[in-house]
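Numbering (this note's numbering), first residue to last: 175 to 545.
As C-alpha cells, this is what we get:
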C-alpha cells in the first residue's frame, strides 16, 4: 500500500503528534508498505534517516493550546503539492489534525485518495473551531475515516463536528525504554531522582513542580529534580536562584537515543500539566521504563493512568498535594517498584506495531468500501 502521513507541525521539532506520525511510519514500513511523511520543516538536517520525509514549507511559531505550534501557511506550495500527489498516487492519505490551518489545508482539497484523519487535541473550548466552523466543514467533509487518540479527544472534536470516530490511542516503543539501557552515570550518585520530560510550556506545569520540589527537598535532602525538554528556562532559573533551591538539573533537548537513559535514571516520573492534554505519550514512556508516575488528575492523563496502580494522580496546580505525594512515594521503595511493574505490564499491549496494525485494518476497511 502507498501511504502518505501529513503533519501540520514542523517535523524538525519534537512533539506528540510528530512522535505519533514517526512511529506509525516506521511500523507501517516494516509491514511492507511504502510510507512517506509530508510535513513542514525548519531544519532538513534534523529529519530522521529512517523515514522518507518530503519537507514542505517554511515554518513560523503560532500560539496554540497553551503551547507554540510551528506551522506553515505557504500557499505557493500548492503547485508542488499537486505535483507530488499526481506523481505518488497514494492509496491512503492520513492527515493528523486535519482542521488545523497548516499543511493539511493545502493537501486535503487536492487529494483524490482515500482520506483518513487522526484528531489529537483536547480543549475545553475552541474559539477557532467555533469561528471557522463553516470553512473547516469543507475540509471535514472530505474525510473518509476519522480516528481520535482518546475519549477526551473524541469528545472535544465531536462537540463541533459530530461523526463516527474510532479510538486508536498512541503507542510506545516498549523495548526502546526497557531496563536494558544504561542510566546517566553522573546522576546515579545515591540521590533520589524525580524526572520531568516535556517542552517547557506553561501548560505542562513545571512551575508547580518546582514549587513542590522545594518542599520535597526540605524533607528529602538527598533528592534531585531532572528537567528534560526544549524551551526557555530563564524564568525558572531566576526563581531557583532567588529561593536558593539546589539540585535542579536542566538538561534541555536530548537525542532519541539518550531519552530512555534519563527514564532509566529516574526513581519517579512527574508530569503535573494543568490541562488541555488529550493523552500523554510521556506516561507510556515512563511505564515502559518501569517507573512510577505522579501526574495531574486531568482527563487526558486519567484516561491513561489508573490512580494507585501505575502511579498517583493529584489535583492540577496544587503544589502542596504534589509535594506530599512525591515525598510519600520517594520514601516507599516497595510501592515504587510495584507501580513500575504494573506500568510495564500495562503497556505491553500498546506497542506501536499494535497501533499501526489497528490503523492499517481501518485503512483496509475504507479501501474495501470503495470497491
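By construction, the Cβ of each residue, glycine as well, lies at the ideal position given by its N, Cα and C atoms.
Cβ separation of residue i and residue j, assumed to be a contact under 8 Å, to the nearest whole Å
i: residue 458; j: residue 371; result: Contact flag wrong, Cβ pair sits at about 12 Å.
i: residue 178; j: residue 221; result: Wrong, their Cβ atoms sit about 16 Å apart, outside the cutoff.
i: residue 551; j: residue 423; result: Lying before the first or after the last residue shown, residue 551 is absent from the chain, which here runs from 175 to 545.
i: residue 410; j: residue 380; result: 6 Å
7 Å CB neighbourhood of residue i in its chain, flanking five on each side removed
i: residue 486; result: 468, 499, 503
i: residue 351; result: 434, 437, 459, 462, 463
i: residue 193; result: 455
i: residue 257; result: none
i: residue 552; result: Not covered by the structure: residue 552. The range shown for the chain is 175 to 545.
i: residue 251; result: 230, 231, 280
i: residue 337; result: 320
i: residue 189; result: 183
i: residue 364; result: 396
Identity of the residues DSSP links to residue i by a beta bridge
i: residue 470; result: 488
i: residue 401; result: 370, 424
i: residue 322; result: 293, 341
i: residue 212; result: 180, 228
i: residue 444; result: 468
i: residue 525; result: 346
i: residue 430; result: Paired residues: none, contrary to the question.
i: residue 200; result: Paired residues: none, contrary to the question.
i: residue 269; result: 180, 291
i: residue 481; result: 485
Residue j beta carbon less than 9 Å from that of residue i
i: residue 209; j: residue 198; result: yes
i: residue 214; j: residue 231; result: yes
i: residue 404; j: residue 448; result: no
i: residue 313; j: residue 277; result: no
i: residue 501; j: residue 390; result: yes
i: residue 413; j: residue 384; result: yes
i: residue 510; j: residue 466; result: yes
Neighbourhood of residue i by C-beta distance below 8 Å, restricted to the same chain and skipping five residues each side
i: residue 203; result: 209, 225
i: residue 216; result: 184, 186, 187, 232, 233, 244
i: residue 525; result: 345, 346, 347, 348
i: residue 366; result: 394, 396, 397, 398, 441, 442, 504
i: residue 323; result: 194, 292, 293, 294, 341, 342, 343, 344, 452, 453
i: residue 339; result: 293, 320, 321, 322, 328, 331, 332
i: residue 488; result: 446, 468, 469, 470, 471, 495, 496, 499
i: residue 536; result: 290, 319, 321, 340, 342
Neighbourhood of residue i by C-beta, 6 Å cutoff - its chain only, sequence neighbours within 5 removed
i: residue 418; result: none
i: residue 317; result: 289, 291
i: residue 439; result: 357, 358, 361, 367
i: residue 263; result: none
i: residue 539; result: none
Proximity test, Cβ basis, 9 Å: residue i and chain D
i: residue 443; result: In the displayed structure, chain D is absent; only one protein chain is listed.
Report yes or no: do the stretch 434-447 and the stretch 357-367 share at least 3 C-beta pairs separated by less than 8 Å?
yes
Under 8 Å: do the stretch 261-269 and the stretch 278-287 share three or more Cβ pairs, one atom per stretch?
yes
Mind the definition here: the stretch 291-310 touches the stretch 321-335 only if three or more C-beta pairs lie below 8 Å; say whether that holds.
yes
Quick check: the stretch 510-525 against the stretch 300-308, are there 3 or more CB pairs under 8 Å?
no
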